[in-house]
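A.B. asks: In the working numbering, the protein residues as written are 36 to 141. Virtual Cβ for every residue (Gly too), placed ideally from N, Cα, C.
1) Would you call the CB atoms of residue 39 and residue 73 closer than 7 angstroms?
2) State the CB to CB distance for the pair residue 65 and residue 80, rounded to an integer number of angstroms; the pair is presumed to be in contact (CB under 8 angstroms).
3) Measuring only the C-alpha atoms, how far is residue 89 from residue 75?
4) Please list the segments of the alpha helix (DSSP H) lying wholly inside the stretch 53-119, counting only runs of 4 or more residues, in order along the chain.
5) In terms of residue numbering, what span does the beta strand (DSSP E) encompassing residue 50 cover?
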């Protein structure tokens, strides 16, 4: 239920040859998310054939960095009414992102 209501998006990447965390674990998680109604625009899964836990075969490391950079940028650019963490104390500001940024700059 919690994944379905996440404000942003998330991705699951896994090497099919991983012997530390077996691929079946990722497959079960993906199946659970689909069964719980997590939409395709919120969740993306990428499998790297024969890659181990480090996912480095066939230039995968560079691809992953580009992929994660793009995903991070999407989150930075996301414009909804999420709340911003106030780093000076534990807790969440009760202020939308745009207003929090204006206050921080002022």
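C.D. replies: On the basis of the supplied data:
1) Along the chain shown, one-based indexing puts residue 39 at 4. Along the chain shown, one-based indexing puts residue 73 at 38. In contact: residue 39 and residue 73 (Cβ atoms closer than 7 angstroms).
2) Within the chain shown, residue 65 is the residue found at index 30, counting from 1. Within the chain shown, residue 80 is the residue found at index 45, counting from 1. Residue 65 to residue 80, Cβ: 5 angstroms. Contact.
3) By 1-based counting over the chain shown, the position of residue 89 is 54. By 1-based counting over the chain shown, the position of residue 75 is 40. Their Cα atoms are separated by approximately 26 angstroms.
4) 58-70, 95-112
5) Counted from its first residue, the chain shown places residue 50 at position 15. From DSSP, the beta strand (DSSP E) with residue 50 extends over 45-50.
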